[in-house]
Amino acid sequence: MQPQADVFSLHNYINSSNPSPYPSHFPISPPYPINGLNLNPFYGIQSATNNPQSMSLSSNSTSDEAEEQQTDKNIINERKQRRMISNRESARRSRMRKQRHLDELWSQVMWFRVENYQLLDKLNNLSESHEKVLQENVQLKGETSELKQVISDMKSQSPFSCFRDDIIPIE
């Protein structure tokens with residue numbers, strides 16, 4: 101039975117006319133600001149309800165503040181909208197720049213490929229020419245040595261002594 105009594109006393113405590121755990125004659129916070137801080141959340145409302153003129157000023161200032169806040173929100177939203185549009189335009193320009201750069205790089209790739217093919221073709225032609233020149237050079241050296249041999253044979257068989265090798269050397 102003890103738990104029921106605790107529940108009952110707790111129920112009575114919650115349903116009492118004073119929801120504060122403090123006795124009703126103790127205020128929660130003083131009705132005046134302490135060190136410039138107002139600890140009573142109802143301080144402005146209590147003073148406005150006591151004076152009808154201050155109540156109308158308070159509602160006007162609240163209305164003005166609400167309009168000012170709405171204006172501030174509109175300005176902020178307008179700035180956000182302009183910034184968003186500006187960012188989209190900037191992103192679009194950036195994409196266009198990147199695309200132009202990519203197109204330029206692609207055209208350079210194509211130009212270098214054509215240039216590379218042309219240079220390879222020239223290299224192949226020069227290699228063939230070089231090979232032909234080397235073969236011709238070998239052939240001419242062979243002919244030169246044959247002609248030297250013919251001249252040498254002619255000198256040795258010549259009846260004239262002036263053409264003999266012991267008198268005039270052949271270079």
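Going by the working numbering, the sequence shown opens with residue 101, and the numbers climb by one from there. Glycine included, C-beta positions come from ideal geometry on N, C-alpha and C.
### Task
Report the rounded CA-to-CA distance for Glu168 versus Ser190, giving the unit in angstroms.
By one-based count along the sequence shown, residue 168 stands at place 68. By one-based count along the sequence shown, residue 190 stands at place 90. One C-alpha to the other measures close to 32 Å.
### Distance, Asn187 Cα to Ser194 Cα
By 1-based counting over the sequence shown, the position of residue 194 is 94. By 1-based counting over the sequence shown, the position of residue 187 is 87. For Ser194 and Asn187, the distance between alpha carbons rounds to 10 Å.
### Query
Is any beta-carbon of chain D found at less than 8 Å from that of Gln239?
In the structure shown, chain D cannot be found, because there is only a single protein chain.
### Task
Rounded to whole angstroms, what's the CA-CA distance from His93 to Met210? Just pull it up for me.
Residue 93 cannot be examined here, being either before or after the span of the chain that is shown, 101 to 271.
### Euclidean distance between Cα positions of Asp253 and Leu234
Within the sequence shown, the letter at position 153 stands for residue 253. Within the sequence shown, the letter at position 134 stands for residue 234. If you take the alpha carbons of Asp253 and Leu234, they lie about 29 Å apart.
### Message
Quick check: what's the CA-CA separation for Leu240 versus Glu204?
### Response
The residue given as residue 240 occupies position 140 in the sequence shown. The residue given as residue 204 occupies position 104 in the sequence shown. Distance from the CA of Leu240 to the CA of Glu204, rounded to the nearest whole angstrom, comes to 53 Å.
#### Entry: Simplified DSSP state of Phe212, which is helix, strand or coil
Here the question's residue 212 lines up with position 112 in the sequence shown. Three-state result, Phe212: helix.
### Task
May I ask you to report which of helix, strand or coil DSSP gives Ser273?
In the structure as shown, the chain starts at 101 and stops at 271, and residue 273 therefore has no counterpart that could be examined.
### Message
According to DSSP, simplified to helix, strand and coil, what is Ser258?
### Response
Start at 1 with the first residue of the sequence shown, and residue 258 comes out as number 158. In the structure shown, Ser258 sits in coil (DSSP, three-state: anything other than H, G, I, E or B).
### Task
Look at the alpha carbon of Ser227 and the alpha carbon of Val238, and state the distance between them as a whole number of angstroms.
As a first step, residue 227 must be located in the sequence shown, where it is residue number 127. As a first step, residue 238 must be located in the sequence shown, where it is residue number 138. Taking the straight line joining both Cα atoms gives about 17 Å.
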